[in-house]
Structures are given as structure tokens and as C-alpha cells.
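A.B. asks: Read in order, the letters of the sequence shown are residues -29 to -1, 1 to 969 in mature numbering (1 follows the signal peptide of the UniProt record, and there is no 0).
Cβ atoms here follow ideal geometry from the backbone N, Cα and C, with glycine treated the same way.
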Amino acid sequence: MNHYTTVLSSLASLQWILLLSSNFLRCQANSLGNETDRIALLQFRNGISIDPFGIFDSWNDSHSFCNWYGITCSHRHQRVTSLNVAGKSLFGTISPYIGNLSFLKTFVLADNSFTGEIPQEVGSLFRLRCFNLSRNILGGDIPTNLTRCTKLETVQFAYNKLVGKIPEGIGYLVELKFLNFRQNFLTGKLPHSLGNLTLLSYFSVAFNKLTGEIPVEIGKLSSLTRFRIGVNSISGTIPEALFNISSLNVFSVPVNQICGSIPYDIGLKLPSLLSFRIGGNRFFGSIPESFGNASKLEAFDIGNNNFVGQVPITLGNLKNLRRLKLFNNGLGSRSANDLVFLTSLKNCTNLNILSLSSNNFGGFLSTSLANLSSQLSELKLGNNYFTGSIPAELIKLVNLTSLEIEYNLLTGSIPTELGMLFNLQALSLGNNRLSGQVPISIGNLSHLYGLYLNENNLEGSFPSSIGNCQFLGVLDASENKFSGTVPTEILGLPALTKLLNLSWNSLTGNLPTEVRNLKLNTLDISANNLSGELPTTIGECLSLENLYMQANFFQGEIPKDLQSLRFLSCLDLSFNDLEGEVPTGGVFTNASAVSLIGNRKLCGGVPELLLPKCPTKTTKMPPACKLLIIIPCVSLSAFLMLTFLVCLWRKRSKKRPPFGTMYVGKLLNVSYKDLRQATDGFSPSNLIGSGGSSSVYKGFLDQLKRQVAVKVLNLQNMGASQSFLAECKTLGNIRHRNLVKILTYCSSLDYKGNEFMALVYQFMENGSLENWLHPNTNRRDAIRNFDLLQRLSIAIDVSSALHYLHDQCETSIIHCDLKPGNVLLDGDMVAHVSDFGLAKIISTINELSHSLISSIGIKGTIGYAPPEYGMGGAASKEGDVYSYGILVLEMFSGRRPTDEMFKEGLNLRDFISIAMPQRLAHVVDPVLFETEATSRKDDNVAVEINLNMSFMKPKVQKCLLAVFEVGLACSAVSPKDRMSMGDVNRQLHLIRNAFLDS
């Protein structure tokens, strides 16, 4: 017994020793663990370079690190479980020692300025649940080791500069509920493994550079409430299963390349929707009526797509609706029924933004607009087909800050009642047919920043009350009939810093000296009747960048102080009556930034201006000597003039011109003598182009005080007179920035008594697109920098012009002969469509057009005319679209459709279609590669890029593919397969925006 008791006693003693030993080891381990955490924290602190709030002053050994600012420790083991220093304006890098905080569950550095990369060592934090690094300046890739942190529930890396792909292993984080990579530079595709994150509620990768399609596995995320992938380059369609996630309340995919239609029952499948945003994609079809069932919907944005049809009245069921954006689609039918849905919107009492611009809505602007929510702040109706007058009842929308009704067919005057919208900041009424005077009540809009009245028929002078608009920063009143002097009240507006455009009016008098008060970037008073000397005070406008004063009657010398405006980069004083020596400093040192043509008394300046040298002063001739010379000369001239008039009268009495002194539209006839004098007797040195039907001369027409292009018709050609009438009728009654302007015309007799017809256009400094695409050898070097963006902008200009002719004129017009030779470029390389000799006005197809068809036929030009014209088909919008498509293909391939290589059934369209997309580099204009080579300073790139498309920058390759797709779609063989010019214009704008954004 004693032995047994002794053994038991010994075992008990050993157990006690082991227990003490175990506690000692555990304490020692905890001690070592604490030390590891302390060292890791100190290393983290050492990575901080700027600590403006001194939060790390507490990180010292005077007390336990568990008491340091931003640190939380576990009670049992005293290990760091949370590191949170968000919003403290810290600068520095993240130390890799952070990986030693093995008990860390929360790691938050949001709203600071951390740089560098996220260390791979974070993969050791296997207990981590919340990881928030949003709003820093972190770069590099998302660490692949992060996928080891399988306990993660929240990952927020938004608003950084992360690059690379989203790790495919992200699917291992099966407990993830919140994932936010918004606004970085991530590339590649969305991983298919995202479908494994069945607990995921919030997903955002918006504002990155992601490509590819949405994985169908996304449809497995049954807990998803917010889905945000906007502003990427994601394509394809929306997986059908995604529309079946009934918990979804935010669906946001704007500004991508996603296509397809919206399920008809979407409002039933997604009853919890709060926000539905798909703007800036390629969706099509109609708007489902079932959206009316999503009664919680607050934001509805489908702008910039291809939706058609009527807007369903069921949207009136959405009583919580705040934003309704339907702009830039094909909605409506230009009929009176298009706005029926507005009546139902009176139930949407919280509506704040309503944007219907750039659609096909027509009819009168209904007074039902006044029944919309009194909370409405933005009402955008521009670029539609609304007729009638502006409803005075809009006064009921007392909270309006923006009212945009530009580019419609509105008539009547500006309602005085608009002056009662005291909160208005932007008022855009441009490009309508408004008449009358600007109401005095405009001065009540004391918060107004932007006022756009351009391209109407407004008249009279500006009311002095405009001086009350103390916050006005932009005023565009160009192309109206305003008269009187330049209002000094406008010149005194303190906030007018962006733009003052009073051009193309009938303003008279001097430019007031008060112009000194302006702090403008751009001042445009061109094409008025202003006179007198240029005020020297204009030299005090220190912020001026652009100054346009051409086509007036200014006299005297150029103020020397203009050369002291250091920001002035563009100055146009052409076609005035200025004289004296031109300054040689400031903007005047750059001949390309200054236009002085049409001022024949100027001299001096830099040599590049090609002005004559200023004469040395000589002794004046006594008045008596002048009389001895002048009197005989005047007498002889009078005798010769009288003799000439008698002869001319005799000839005219025998043969009268066919049209006499007629008007066509608003164009006033000028004489043969005027045009002969303007072109120096139709001198060959002024000939700028000729063909079988006409010759074009440049000249200076005194009546217009500007340089012009004079198109003299060859009346020996059959149908020349009808062509003359067609062009006058077409261009005399339409206005668009991308259509060449016909200034006047001549239908008379020449000095030999022969019939003479000519059209006078605005002069285009950069000639035709034909000369830029296919320059002769002498011009090739000068046109070497005809780059991609310039061509894309010209393609957009031409599409805008055709869209206007086809869809936005009161009566649709078909051009019938679109080709590079008929696209002219002004000094800013803005394109203008010209030559309307074959144009057809659809509303009069049974009158004028039939006579044209029978006399001159629908010729067009070989290579650009659509195939149906060759088979006797009638002129059509689709025919113009075909010609446009061929023009686009030529612009970016550099090959004419009549190139010798196109034979035996091969044509330009097939040549490009066959090459898409793998052999893109083989069909692109080599000049674009030369531009690429120049930008890289490598002459060999131009040669090598033809053999390897990888030399092409991705954004260039993507842009070219998209543009060629538009050209191919427009030039489809079957007219019904061609795009409309409205769709073309929208698509090209998206392509250019994507190119510039990238």
C-alpha cells in the first residue's frame, strides 16, 4: 500500500510539474507573440512619412501597444485584432511586416495617401475578415496571396491605382459579402470563379478597364443586392439568370458595350429595384411596361442606347422616382402622342431630373409639363422635334435649375414668365425658330450661369436688366437678328469668364471701352456691323484666349497692347478695314494663330504673315497739285462709265436673264461685276478647283467684307440651271455648323451678254477632304499628321450634317452625291458638307425633284452611289447612308473605291470586311502608321506595323475596329440593313469618347 501510495504521490507531483511547465510555455509563447505584434506595428509606423495629426505619437513603449491609437487587442491573448487609422491624411507605404499580425481581423487604412503596392504578406492574415484600403494611391496588382484569407467578409480597394487582373482565385473567399474594386485601372475579364461567392451582397468594379463578357456564373449570386460594373469595356449580353435575383436593388452597368434587350417582365422579377442604370451601352428594343411594378425605383437611366417606341405610361406608378433619363435614344415617332406618358408622371412627386433630349419626340410641348413634380430641378428636352411655343406654364416648376430646349422647331417668343424661375442656372433655347425680343424679366434670373439663345430669329437689343445676372459665365446669342450697340451691361458682368458670343448679328456702333472689364476666355463679335477703331482697353482683358472680331467694319490701327495678352492663342481680325503696322510680339509671333486677311492696308508683322513692308514716310503733296490730277481723271472715268452703261443697256434690252433680280430663300442676288472684281477677273491664279459642271474661284467680296469661294456653273451642261435652283433652294433655307454656308448668288449676264450663274460660299481654308486623303507629292509632308482623332472628328461632323438633313430639317433633304471632294474643311479642320446640286427635298418629291430626276437623273459618283441607284432606284436616305459608309471606309483605309486593285468582283467594302479583325493593320491607311512612328520617334515602326498589328496601341486598334464596323454597317448592300444617320452619329460619339477616355 505504501508503495502504491508513493507511486500515486509521485504521479501527482509530475502532473503538477507538467501543468506548471505548460503554463510557463504558454506564457512564454504569448510573450513572444506580443513581441512579434509590437515589432510589426513599429515597422508599420516606420513606413509612415507624414502624420499631420500626430496619431503615432502614442506608439511608444510608455504603455502597452494595445493602448496605441487605432489598435484593438484580444482580451485573452493580448494580440492585435484590429488596426484602423482611417481618414488621418497619412502618407507612406504598407510594411510587409503587417503579415506578422496573425490574429488581425480588421485592417482599415481608408481615406489616406498610402502609396506603393499591397504586400503579398497580407496572405498570412488567415483570420482577416475586414480589409479596407479605399481612397489611397496604391498601385501594382491585387496580391494573389489575398485569396488565402478565406475568412474575409469585406474587401474594399476602391479609388486607388491598382492595375492587372482580378485574381481568378477570388472565388476561394467563400465568406465574402462585400467586394469593392471601384475606380482603379484593373484590366482583363471578370473571373468565372465569382460565381462561388454565394454570400456576396455588394459587388462593384465600376470605373476600371475591364473587358470581356459578364460570366454566366454571376447568376448564382442569390444574395446579391448591388451590382455595379459601369464605365468599363465589358461587352456581350446580360446573363438571363442575373435578372432572376429578386434581392437585387441596384443594377448599374452604364458606359460599356453591352447589348441586347430588356426582359419584358423585369419589373416582376426585380421588384426591389431602387436604381436601374444602363446608359451608354448598345441596348435596343422597347421599354418594358413591367417597370411600373418595381414600385421602389428611384433612379432610371437608359440614356445613350438604341431604344425605340413609346415611353410606357406605367412609369407613372413609380412614386419614388427621382431621376428619369431617357436621352439619346430613338424613342418617339415625331408625333403628338409622344408625350402622353408625361401626364402619368404627375404621380412622381419626388422627380428631380427628367432628361428626354436627343430622341424622336415630336408634337407641341404640352402644358402637362407644368404638372410635373415641383421638386424638378433639371428638365432637358433638347434635340427633338417639338413644335409650337414654349409653355408659359413652366413657371410652376419653381425649383428648376436647368431648362434645356435647344435644337427643336419651337416658334414664338420667349415667355416673360421664365423670368420667374428664380433658381434657374442654365437656360438653353438655341437652334430653334424663336422670334421677338429677349424679355426684360431675364434680369430676374440672378443665379443664371449659362444662357444659350444662339441660332434663332431674335431681334432688338438686349434689355439692360441682363446686368442683374451677376453670376452669368456663358452667353451665346450668335446667329440672330440682334441690333443696336454692344450692351455695356453685358461687358460689366463680373462672372462672365467663359464665353461671350454675339457673332452673326446686326450690332452697330463702336466696341465700348468697357470691354476692359471682361475676364473672358473667349470673345466673339464677328460678322456684325461694328465700326470705329478697336479700343485700346481690350489690351486689359488679361484672361483672353480667343478673340474673334472678323467681318466687321473696324478701322484704324491694331492696338499694340494686344501683344501683351500672354494667354491669347487665337486672334481673328480678318475682313475689316484696319491699317498700319502689325505688332510683332505675343500672339502675333505665331502666324498660324492670327488671321488678318481682308485688311489691305496692313503692313509689317512677322515675315510668315506675308504682309508688305511698311512704307517710309514721305512729304505730302500740296492740295492744289492733287486737284490738277484728280479732276481730269474723274471726268475721264465718268465718260467711260457712261459709255459702258449705254452699251450694256442696249444688250440687255435684246436679251433678258432668265431669273432677273430674284431672291431664293433669303439670298440676295449680286452682280457679275461684283464677282469679277472679287476674283480679279476670274484669274487662273485664283482657281481652286474645276470639273465638268463648274469652276470654283477664291476671292474677296466687298459687300460681305470677307473671303469667299465663287462657284461658276458651266451652263453648257444639261441640267445646270436646275442644279443651280436645287442648291439655292436647299442651302438657302437650312443652317447647320457642318453644312457649307451659301452667302449669296449671281444670276445675270457677263460682259459679252452671255447667261451667267454662280453661287458664293464661305471660303474653306483647308480645302477638301479629298485633298487630305489623297494629296499630291508636293503636299504629302504637310498632310503627314492627318491623324486618327482628326479623321474621327471629321466623320462625326459629316454624320451630324447628314443626320440634320435627314431627320432634323422641317423637310428632309437627301444629298445624293456625298464623297470626299464634297466635304470641305475650315481653318479649324471642322468639316462642312457641300455641293447640293443633286439634292432632293423629300416634301417636294412630286414637284421639283421629279423635274430634276427627269432632266439630270440621279447620277451621284461612281464608287459612292449605292447599287440600287444603278438599277433605277429612287433617291433615299439609305442611299446617302451608303455613300457615307464608303466615305468612312476610304477615310480610314486611305483607298478610293475606284482604286485599280478593285476588280474582278472585289470592292472596297469587301476588301475591308474580309480583313476584319485579324488583318486590321493591312487595311488601315499607312499615314496613320506614320503618325504613330512620329509619336514614337521611330521611322521603322511605319514599316513594321504593317506586318504586325501588335505595334498598334490597343486604344487605336479598338477605335479603328469600331469605326470600320460603322462603315461596313452603313454600306450594306441591302438598304434595309443600313444604319440610320442618327444611330451613326451617336455611335461615333461613343467611339470618340471611349478613345479619348482611354
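Give a yes or no on whether the C-beta atoms belonging to residue 268 and residue 282 are separated by under 8 Å.
C.D. replies: no
A.B. asks: Would you be able to state if there are at least three C-beta pairs under 8 Å between the segment 175 to 184 and the segment 194 to 212?
C.D. replies: Yes, the segment 194 to 212 is in contact with the segment 175 to 184.
A.B. asks: With a cut-off of 8 Å on the beta carbons, I'd call residue 466 and residue 443 a contact; round off their distance for me.
C.D. replies: 6 Å
A.B. asks: Going by DSSP, name the residue or residues bridged to residue 330.
C.D. replies: Within the DSSP bridge table, the entry for residue 330 names no partner.
A.B. asks: Check the C-beta distance from residue 461 over to residue 471 and give it rounded, since I have them as a contact under 8 Å.
C.D. replies: 7 Å
A.B. asks: Near residue 411, which residues of its chain fall below 6 Å by C-beta distance, leaving aside the five closest residues on each side in sequence?
C.D. replies: If we look at residue 411 and ignore the five residues flanking it on each side, its Cβ neighbours are 434 and 436.
A.B. asks: Pick from 876, 929 and 936: whose alpha carbon is nearest that of residue 884?
C.D. replies: Answer by Cα proximity: 936.
A.B. asks: Out of 804, 71 and 335, which has the shortest C-alpha to C-alpha gap to residue 50?
C.D. replies: Closest option to residue 50, Cα to Cα, is 71.
A.B. asks: May I ask you to list the residues that DSSP assigns as paired with residue 24?
C.D. replies: DSSP output for residue 24 lists no bridge partner at all.
A.B. asks: Cα-Cα, which of 556, 339 and 447 is closest to residue 531?
C.D. replies: Nearest option by C-alpha distance: 556.
A.B. asks: Drop a sphere of 10 angstroms on the beta-carbon of residue 10, count the other beta-carbons inside from all chains shown, and report buried for 16 or more, exposed for fewer.
C.D. replies: exposed
A.B. asks: Hey, quick one: how far does the alpha helix (DSSP H) through residue 963 stretch, first residue to last?
C.D. replies: 952 to 968
A.B. asks: Using a Cβ-Cβ cutoff of less than 6 Å, which residues in the same chain neighbour residue 150 once the five nearest sequence positions on both sides are dropped?
C.D. replies: Closer than 6 Å at the Cβ level, and outside the excluded window around residue 150, lie 126 and 174.
A.B. asks: Considering only the alpha carbon of each residue, which of 523, 261 and 223 lies closest to residue 195?
C.D. replies: 223
A.B. asks: My output table needs one value for residue 721: the three-state DSSP class, helix, strand or coil.
C.D. replies: Coil.
A.B. asks: With respect to the alpha helix (DSSP H) encompassing residue 708, which residues constitute its N-terminal and C-terminal limits?
C.D. replies: No alpha helix (DSSP H) holds residue 708; DSSP gives it neither H nor E.
A.B. asks: Return yes when the Cβ of residue 576 is within less than 8 Å of the Cβ of residue 678, no when it is not.
C.D. replies: no
A.B. asks: How should residue 440 be labelled, buried or exposed, when 16 other C-beta atoms within 10 angstroms of its C-beta is the threshold for buried?
C.D. replies: Here residue 440 is buried. Its C-beta has 16 or more other C-beta atoms within 10 Å.
A.B. asks: Within the segment 89 to 161, note down every full beta strand (DSSP E) run reaching 3 residues or more, in order along the chain.
C.D. replies: 101 to 103, 125 to 127 and 149 to 151
A.B. asks: On the premise that residue 770 lies in contact with residue 855, defined as a C-beta separation below 8 Å, what is that separation, rounded to the nearest angstrom?
C.D. replies: 7 Å
A.B. asks: Which of helix, strand or coil does DSSP assign to residue 941?
C.D. replies: helix
A.B. asks: Is the beta carbon of residue 254 sitting closer than 8 Å to the one on residue 277?
C.D. replies: yes
A.B. asks: Can you tell which of 778, 478, 87 and 321 has the C-alpha that lies nearest to the C-alpha of residue 454?
C.D. replies: 478
A.B. asks: Measuring CB to CB, does residue 863 end up less than 8 Å from residue 762?
C.D. replies: yes
A.B. asks: Looking at the unbroken alpha helix (DSSP H) that takes in residue 766, where does it start and where does it end?
C.D. replies: 759 to 774
A.B. asks: With distance defined between alpha-carbon atoms, name the residue in 438, 422, 450 and 89 nearest to residue 459.
C.D. replies: 438
A.B. asks: Going by other Cβ atoms of all chains shown within 10 Å of its Cβ, with 16 needed for buried, is residue 431 buried or exposed?
C.D. replies: exposed
A.B. asks: Just to confirm before moving on: does the CB-CB distance between residue 543 and residue 520 stay below 8 Å?
C.D. replies: yes
A.B. asks: Would you list the one or two residues that DSSP bridges to residue 184?
C.D. replies: 206
A.B. asks: Using DSSP with H/G/I as helix, E/B as strand and the rest coil, what is residue 929?
C.D. replies: DSSP places residue 929 in helix when its eight states are reduced to three.
A.B. asks: Would you kindly check if the distance between the Cβ of residue 736 and the Cβ of residue 792 is under 8 Å?
C.D. replies: no
A.B. asks: Assuming residue 87 contacts residue 109 (C-beta within less than 8 Å), just tell me the rounded distance between them.
C.D. replies: Their Cβ separation, rounded to whole angstroms, is 7 Å, which keeps residue 87 and residue 109 in contact under 8 Å.
A.B. asks: Mind checking residue 871: buried by the 16 CB within 10 Å criterion, or exposed?
C.D. replies: exposed
A.B. asks: Using a 10 Å radius around the Cβ and a threshold of 16 neighbouring Cβ atoms, would you call residue 426 buried or exposed?
C.D. replies: buried
A.B. asks: Among the residues of its own chain, which have a CB less than 6 Å from the CB of residue 91, if the five just before and after it don't count?
C.D. replies: 114 and 116
A.B. asks: Output yes or no for whether 8 Å exceeds the beta carbon distance between residue 322 and residue 341.
C.D. replies: no
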